[in-house]
Every structure is written in C-alpha cells, then in structure tokens.
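Residue 601 in the working numbering sits at position 11 of the sequence shown; the count goes up by one each step and never skips. Have a look at the structure below before the remarks.
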Amino acid sequence: MDCLFCKIINKEIPSNIIYEDKQILAFDDIDPKAPIHKLIIPKKHITTTNDLQANDGSLIGAMLILATDLAKKLDIAEPGYRMVMNCNADGGQAVYHIHLHLLGGRSLHWPPG
Ligand code: AMP
Ligand code: ZN
591 MDCLFCKIIN KEIPSNIIYE DKQILAFDDI DPKAPIHKLI IPKKHITTTN DLQANDGSLI
651 GAMLILATDL AKKLDIAEPG YRMVMNCNAD GGQAVYHIHL HLLGGRSLHW PPG
C-alpha cells in the first residue's frame, strides 16, 4: 500500500520517533504548527476516522492516553494543549492514515483559520 505513514511505521522513511509499542507509533511532525507538534498513529492502517470499527475503541483510547502522557512529559499538560484528528477534505486531512495531532507550547486560538 502506498501510504506515507505505513512507510514511517516500516522505517522506509525516516522520522524522529518518540514512542513505539506493538500497536502505536508517535513521532515529530515534519512541519510543526506549534513549538510542540507530535503525531500519534496506529500501526494498523486505518484510512480515515470514518473507517473506525467498534472494536477499535481500545486502540483509539490508547492513542489518547499516550498523547496525554506525552503532554505531561513535554511539560505542556498544565499550560494546556490541543489534540486533533482531521477527516477527509473539509477536515483538512492530507495523509490518509489516521493520526492524532498533539499541539502545544504556545497559545492556540480557536477556531483555526
Ligand atoms: P493532516 O493534515 O491532519 O492529514 O496532517 C498531516 C500531517 O503530517 C501534517 O501536519 C504534516 O506536516 C505531517 N507530515 C507529512 N509528512 C510527514 C513526514 N514525512 N513526517 C512527519 N510528519 C509528516
Ligand atoms: Zn497507512
């Protein structure tokens, strides 16, 4: 499958990996939109959040918990941070392998431009 994030998982494309286990990978976003910008992805290829199944709940939960754990380790838990998952064109999804953005380190305004 021609998927950028599957290639990162398979180490065919380099990335700065900050966490890895059997089902999840986390790495630095290559074009950070904030001083801290990490991506948390499942190792299983899931194209969009529309493709999530009921039995993916524990996987998505583990991604969320990992993001909060990283936020604490990166000292952005107290000042605050944003977690985002974009879906399809109107959601601004550019890479079609689901990913959770963890953004922080500055004041983030809402709604985004
Ligand atoms: P989205 O728009 O939600 O699909 O987000 C895709 C994200 O992937 C963007 O923030 C990109 O900067 C990031 N990205 C694209 N290519 C790479 C790469 N090779 N390594 C790390 N992050 C990437
Ligand atoms: Zn993939």
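Even glycine gets a Cβ: it sits at the ideal position worked out from N, Cα and C. These numbers come from a predicted model, not from an experiment.
- Leu594 is a Cβ neighbour of Val685, given a cutoff of 8 Å.
- For Ile650, the closest C-alpha among the options Thr637, Ile631, Lys612, Lys663 is that of Ile631.
- Just measuring C-alpha positions, the residue of Leu692, Leu698, His699, Trp700 sitting nearest Lys628 is Leu692.
- When only Cα atoms are considered, Ile607 and Asn600 end up about 12 Å apart.
- Apart from sequence neighbours up to five positions away, the residues of its chain that approach Ile598 with a beta-carbon distance below 6 Å are Ser605, ordered along the chain.
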